[in-house]
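Remarks on the structure that follows.
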Amino acid sequence: MPADSIPQTEIPTLANRVSPPMLDVLRRILKSHFIRNGTSTSEEILEVLHQLTEMGLVDVAYDGDQRSRPYLWVNNLNGTRVLNYRTGIRGGPHADNVPMPRR
Numbered sequence: 004m005p006a007d008s009i010p011q012t013e014i015p016t017l018a019n020r021v022s023p024p025m026l027d028v029l030r031r032i033l034k035s036h037f038i039r040n041g042t043s044t045s046e047e048i049l050e051v052l053h054q055l056t057e058m059g060l061v062d063v064a065y066d067g068d069q070r071s072r073p074y075l076w077v078n079n080l081n082g083t084r085v086l087n088y089r090t091g092i093r094g095g096p097h098a099d100n101v102p103m104p105r106r
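For the sequence shown, our numbering gives the first residue as 4, with consecutive numbering after it.
Shown next as C-alpha cells:
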C-alpha cells in the first residue's frame, strides 16, 4: 500500500529524524528505484527498511499474502523529498558566493 503524501511543511521535521543509516538506504533506493528482499539483504538493512516504511518514506510490495515479508521496497515521493532536503542546498554559501582564489 503506498504511503500518503506528507505535507511539505512536515518534511524538515521528518528529515531530522532520518539517521545516517536511513539516509544511506534512501540513497540506495533512489538510485536503483527498489530493493528486493532476498538472502543477501542483511538484518540491519531490513530493520532500516521497516523504519523507513513506518515513517512513510518507502513503500512495500508483496507477492500474495501481506502477512509475509515484503518481497520489494520501492522509493516514493516522500522519501525523495526527504533525501533532497537532507542532501540539497537549502541555504548557506553557494558556488557563486564563494570568492575565487587569487593567483
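Ideal Cβ positions, reconstructed from N, Cα and C, are used throughout, including at glycine.
Name the two residues that bound the continuous alpha helix (DSSP H) containing residue i.
i     : result
Asn19 : Ile14 to Asn19
Arg48 : Position check: residue 48 holds Ile in this sequence, whereas Arg was assumed. First-last of the alpha helix (DSSP H) with Ile48: Glu46 to Glu57.
Mind checking residue i: buried by the 16 CB within 10 Å criterion, or exposed?
i     : result
Asp62 : buried
Return yes when the Cβ of residue j is within less than 7 Å of the Cβ of residue i, no when it is not.
i     : j     : result
Leu86 : Leu29 : yes
Tyr88 : Ala18 : yes
Leu60 : Gly82 : yes
Near residue i, which residues of its chain fall below 6 Å by C-beta distance, leaving aside the five closest residues on each side in sequence?
i     : result
Tyr65 : Pro73
Val51 : Pro24, Met25 and Val28
Gly41 : none
Arg39 : Leu75
Asp99 : For Asp99, the predicted structure reports a pLDDT of 49, less than 50, and the residue's modelled location is therefore unreliable. A value from the coordinates is still provided. So no residue of the chain qualifies.
Over what stretch of residues does the beta strand (DSSP E) that includes residue i continue unbroken?
i     : result
Leu75 : Leu75 to Asn78
Arg39 : Phe37 to Arg39
Ala6  : Looking at the DSSP string, Ala6 is not in any beta strand (DSSP E), and its letter there is neither H nor E.
Asp62 : Val61 to Ala64
Considering only residues of the same chain and omitting the five flanking positions on each side of residue i, which have a CB-CB separation below 8 Å?
i     : result
Arg84 : Ile9, Gln11 and Ile14
Val77 : Ile32, His36, Phe37, Val61, Asp62, Val63 and Ala64
Glu57 : none
Gln54 : Met25
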